[in-house]
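A quick write-up on the structure given underneath.
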Amino acid sequence: MERDDERRLTRLLAGELDAGEARRLRRRLAEEPELAAAWVRLQGAWRSLAPRPVPLPPGFAGRVMAQVRDEAGDGARRASPRFALWRAPLAARAAGAAALVAGLGLGAALGAGLASAPGVAPDVAPAAGADLGDYADYYAANDAGSLAEDYVDALASFAETNGRTNVQAGTGEGS
Amino acid sequence: MATGVEENAPPAAEQVDRAALRRVAGGDVEAFAVLVERHQERLVRLCTRLLGDREEARDAAQEAFLKAFRAAGEYQPRGQVYTWLYRIAVNHCLNRLRRRRVVRFLSLSGPTREEAAGDEAAPFDPAGDAAGPLDELVSRRRWQRARKAIEALPPGQRAVLVLARFEGLSYKQIAEVLAVSVGAVESRLVRAMRSLTAAIDDADGAPQAQETGG
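Residue numbers (this note's numbering), protein chains in the order written: chain W, 589 to 763; chain U, 72 to 285.
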């Protein structure tokens, strides 16, 4: 089966063809036994997967909110100004202030603009317009498997685009 | 095709989500309960179908909500809130799947938890269209092959298949959730279906179709 046909059949399966394209493809299915056989196989595989209902674990929302409250409490404690800095001796306060200034300077030099919520950003793919730092975080957090997959996707997209261009150039047929 | 998401969610529902997120970002922790109540079912379902293990899925969904809570202040109202939540959950599950593959490779271990758990843990059923005992046997064998084929898919292909087949998302919505191009979504689904049909052909004892390329 031609790859373009395989793609069209998958689109038909997923409901991605518009009415006109679907009609044209169905007409071909009635006329081309090989294509019809491929369609039967594909449809059979799709239908062999019937979603099973997934029950919600009892008390799920309560557990999530308990964890969220813990997290919020920890965050508030971390951000709270009631740390004992004001009760510390003057020398300790000075050392603390110096360390803070040095840390801020180092942080600014190393990566202003990087993800502001460590542990969150890497799993969330960078949005359009994100800077390179966001992408670096994202890819650093994902293993080589994802990079390989992205590479295959890119190759596939390139091959498909190229193939389509050739088809269009050769036959004048739009997709 | 039945859709598991509110593709054309009423603006009011979206407004409820966005208002809750704004309140969370402003420090109102309890407002997050609105989002949990509204989206817990679909997130647990999604994680279960991606991971194929109910226990792990429950943990993953919980962690995904926690990540969403931490990231509430960074939400940009470009898309719908459920898409944003889906993206967090899917990425979290994909990372778990990838880690699982690495661990399995490194340890050269036997079956995964989902394989060991057997049919009960499967997030999908065999199609119930068998006419008699023989048909049922064939159907069950095909389904088991399909299950194994899905478990063996690369995580990105598995995510696309789950989102398209079980969650009823369009290519465009899947692209938005996975932050990839529509072309990449299509390419992954085509490859996933190719693996699935090959596995089922194998179960039926049929020769695999020759690919001629295009």
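Think of the CB as a built atom: it goes at the ideal place given N, C-alpha and C, for glycine as much as any other residue. Since we're looking at a predicted model, the values are computed, not measured.
>> Within the continuous alpha helix (DSSP H) that includes leucine 597 of chain W, where are the two ends?
In response: What you label residue 597 of chain W is simply residue 9 of the first sequence in a count that begins at 1. It spans 591-601 - the alpha helix (DSSP H) in which leucine 597 of chain W sits, taken as one unbroken run.
> Quick one: is arginine 614 of chain W buried, meaning 16 or more other Cβ sit within 10 Å of its Cβ, or exposed?
Replying inline: The count along the first sequence starts at 1 and reaches residue 614 of chain W at position 26. Burial call: exposed.
> Can a CB atom of chain W be found closer than 7 Å to the CB of valine 115 of chain U?
Replying inline: Position 44 of the second sequence, counted from the start, is the residue given in the question as residue 115 of chain U. True, the Cβ-Cβ gap to chain W drops below 7 Å.
> Among U/Val231, U/Lys243, U/Asp273, U/Leu249, which residue has its Cα nearest to the Cα of alanine 263 of chain U?
Replying inline: For the purposes of this step, residue 263 of chain U is taken as the residue at position 192 of the second sequence. Measuring from the Cα of alanine 263 of chain U, the nearest candidate turns out to be U/Val231.
>> Please classify proline 669 of chain W as buried or exposed, where buried requires at least 16 neighbouring CB atoms within 10 angstroms.
In response: Against the first sequence, residue 669 of chain W aligns to sequence position 81. Unreliable placement is indicated for proline 669 of chain W, whose pLDDT of 44 sits below 50; the coordinate value is still reported in the next sentence. Its Cβ having fewer than 16 others within 10 Å, proline 669 of chain W is exposed.
> Less than 7 Å separating the beta-carbons of arginine 120 of chain U and phenylalanine 237 of chain U?
Replying inline: As a working note, residue 120 of chain U is residue 49 in the second sequence. As a working note, residue 237 of chain U is residue 166 in the second sequence. Yes.
> Around the C-beta of alanine 142 of chain U, are 16 or more other C-beta atoms found within 10 angstroms, so that it is buried, or is it exposed?
Replying inline: For the purposes of this step, residue 142 of chain U is identified with residue 71 of the second sequence, where counting begins at 1. Alanine 142 of chain U comes out buried.
> Exposed or buried, what is proline 82 of chain U when buried is set at 16 or more other beta-carbons lying within 10 Å of its beta-carbon?
Replying inline: Looking up residue 82 of chain U in the second sequence gives position 11. Classification for proline 82 of chain U: exposed.
>> Is tyrosine 242 of chain U close to chain W? Criterion is C-beta to C-beta, closer than 7 Å.
In response: By 1-based counting over the second sequence, the position of residue 242 of chain U is 171. Output row for tyrosine 242 of chain U: interface = yes.
> DSSP state of proline 639 of chain W, grouped into three classes?
Replying inline: Working through the first sequence from its first residue, we reach residue 639 of chain W at position 51. Looking at proline 639 of chain W - three-state DSSP - the assignment turns out to be strand.
> Which residues bound the alpha helix (DSSP H) around phenylalanine 136 of chain U?
Replying inline: Start at 1 with the first residue of the second sequence, and residue 136 of chain U comes out as number 65. First-last of the alpha helix (DSSP H) with phenylalanine 136 of chain U: 125-141.
>> Am I right that alanine 102 of chain U and arginine 109 of chain U are in contact with their C-beta atoms under 8 Å? What's the rounded C-beta distance?
In response: Walking along the second sequence from the start, residue 102 of chain U turns up at place 31. Walking along the second sequence from the start, residue 109 of chain U turns up at place 38. With 8 Å as the limit, alanine 102 of chain U and arginine 109 of chain U do not qualify as a contact, their Cβ atoms being about 12 Å apart.
> So leucine 224 of chain U is in the alpha helix (DSSP H); what residue range does that whole segment cover?
Replying inline: Counted from its first residue, the second sequence places residue 224 of chain U at position 153. Where leucine 224 of chain U is concerned, there is no enclosing alpha helix (DSSP H), given that its DSSP letter is neither H nor E.
> Considering only residues of the same chain and omitting the five flanking positions on each side of lysine 243 of chain U, which have a CB-CB separation below 7 Å?
Replying inline: Residue numbering aside, residue 243 of chain U sits at position 172 when the second sequence is read from its first letter. The beta carbon of lysine 243 of chain U lies closer than 7 Å to those of Val253 in the same chain, with the five residues before and after it left out.
> Which residues in the same chain have their Cβ closer than 8 Å to the Cβ of alanine 618 of chain W, if we skip the five residues on either side of it in sequence?
Replying inline: For the purposes of this step, residue 618 of chain W is taken as the residue at position 30 of the first sequence. These residues qualify, in order along the chain: Ala624.
>> Helix, strand or coil for alanine 250 of chain U? Go by DSSP, reduced to three states.
In response: Taking the first residue of the second sequence as 1, we reach residue 250 of chain U at position 179. In the three-state DSSP reduction, alanine 250 of chain U falls in the coil class, being neither helix nor strand.
>> Quick check on glutamine 147 of chain U: buried or exposed, where buried means 16 or more other Cβ atoms within 10 Å of its Cβ?
In response: As a working mapping, residue 147 of chain U is identified with position 76 in the second sequence. Around the Cβ of glutamine 147 of chain U, a 10 Å sphere holds fewer than 16 other Cβ atoms; the residue is exposed.
> Any beta-carbon of chain U closer than 7 Å to the one on leucine 630 of chain W?
Replying inline: Here residue 630 of chain W refers to the residue found at position 42 when the first sequence is read from its first residue. Chain U contact via Cβ: present.
> Are there 16 or more other CB atoms within 10 angstroms of the CB of valine 115 of chain U, so buried, or fewer, so exposed?
Replying inline: Position 44 of the second sequence, counted from the start, is the residue given in the question as residue 115 of chain U. When all chains shown are included, valine 115 of chain U counts as buried.
> Whose CA, out of U/Ser210, U/Gln151, U/Val107, lies closest to the CA of leucine 137 of chain U?
Replying inline: Here residue 137 of chain U is taken as the residue at index 66 of the second sequence, counted from 1. The shortest Cα separation from leucine 137 of chain U among U/Ser210, U/Gln151, U/Val107 belongs to U/Val107.
> Hey, leucine 630 of chain W and leucine 601 of chain W: beta-carbon distance below 7 Å or not?
Replying inline: Counted from its first residue, the first sequence places residue 630 of chain W at position 42. Counted from its first residue, the first sequence places residue 601 of chain W at position 13. Contact check for leucine 630 of chain W against leucine 601 of chain W passes: the beta carbons are separated by less than 7 Å.
> Taking Cβ-Cβ distances shorter than 7 Å, what residues in chain W pair up with valine 261 of chain U?
Replying inline: Within the second sequence, the letter at position 190 stands for residue 261 of chain U. Taking a Cβ-Cβ threshold of 7 Å, the residues of chain W close to valine 261 of chain U are Glu594, Arg595, Thr598, in chain order.
>> Any C-beta of chain U within less than 7 Å: which residues of the stretch 612-644 of chain W qualify?
In response: Listed by position, the residues of the stretch 612-644 of chain W near chain U (Cβ gap below 7 Å) are Ala626, Arg629, Leu630, Gly632, Ala633, Trp634, Arg635, Ser636, Leu637, Ala638, Pro639, Arg640, Val642, Leu644.
>> Can you pull the chain C neighbours of alanine 660 of chain W, defined as C-beta to C-beta under 7 Å?
In response: This model lacks chain C altogether, as its protein chains are W and U.
> Grouping DSSP H, G and I as helix and E and B as strand, with all else coil, what is serine 258 of chain U?
Replying inline: To locate residue 258 of chain U, count along the second sequence from 1; it is residue 187. Taken through DSSP and simplified to helix, strand or coil, serine 258 of chain U comes out as helix.
> Helix, strand or coil: which one does DSSP assign to glutamine 244 of chain U?
Replying inline: As a working mapping, residue 244 of chain U is identified with position 173 in the second sequence. DSSP places glutamine 244 of chain U in helix when its eight states are reduced to three.
> Using a Cβ-Cβ distance under 7 Å, would glutamate 604 of chain W count as near chain U?
Replying inline: In the first sequence, residue 604 of chain W corresponds to position 16, counting from 1. Yes, because at least one Cβ of chain U sits closer than 7 Å to the Cβ of glutamate 604 of chain W.
>> So aspartate 272 of chain U contacts chain W; which residues on that side make the cut at Cβ distance below 8 Å?
In response: Here residue 272 of chain U refers to the residue found at position 201 of the second sequence. The contacting residues are Arg629.
>> In whole angstroms, give me the CA-to-CA distance for serine 180 of chain U and arginine 171 of chain U.
In response: The residue given as residue 180 of chain U occupies position 109 in the second sequence. The residue given as residue 171 of chain U occupies position 100 in the second sequence. Note on serine 180 of chain U: pLDDT 41, under 50, position unreliable in the model; no value is reported.
>> Give me, in chain order, the residues of the same chain whose beta-carbon lies closer than 8 Å to that of valine 248 of chain U; leave out the 5 immediate sequence neighbours on both sides.
In response: Walking along the second sequence from the start, residue 248 of chain U turns up at place 177. Taken in chain order, the residues that qualify are Thr154, Tyr157, Arg158, Val161, Leu234, Leu240.
> With 16 other CB atoms within 10 Å as the buried threshold, where does serine 704 of chain W fall?
Replying inline: Reading the first sequence from its first residue, position 116 is the one you call residue 704 of chain W. Its pLDDT being 36, under 50, serine 704 of chain W is placed unreliably in this model, and the value from its coordinates should be taken loosely. Result: exposed.
> If we call anything under 7 Å between Cβ atoms a contact, is valine 152 of chain U one with aspartate 99 of chain U?
Replying inline: The count along the second sequence starts at 1 and reaches residue 152 of chain U at position 81. The count along the second sequence starts at 1 and reaches residue 99 of chain U at position 28. Not closer than 7 Å, so no.
> Would leucine 179 of chain U count as contacting chain W if we go by Cβ distances under 7 Å?
Replying inline: Start at 1 with the first residue of the second sequence, and residue 179 of chain U comes out as number 108. Only weak support exists for where leucine 179 of chain U lies, its pLDDT of 42 falling under 50; the value from the coordinates is given anyway. No, because no Cβ of chain W sits closer than 7 Å to the Cβ of leucine 179 of chain U.
> For the alpha helix (DSSP H) that valine 105 of chain U lies in, which residues bound it at each end?
Replying inline: Mapped onto the second sequence, residue 105 of chain U falls at position 34. That run of the alpha helix (DSSP H) goes 103-122.
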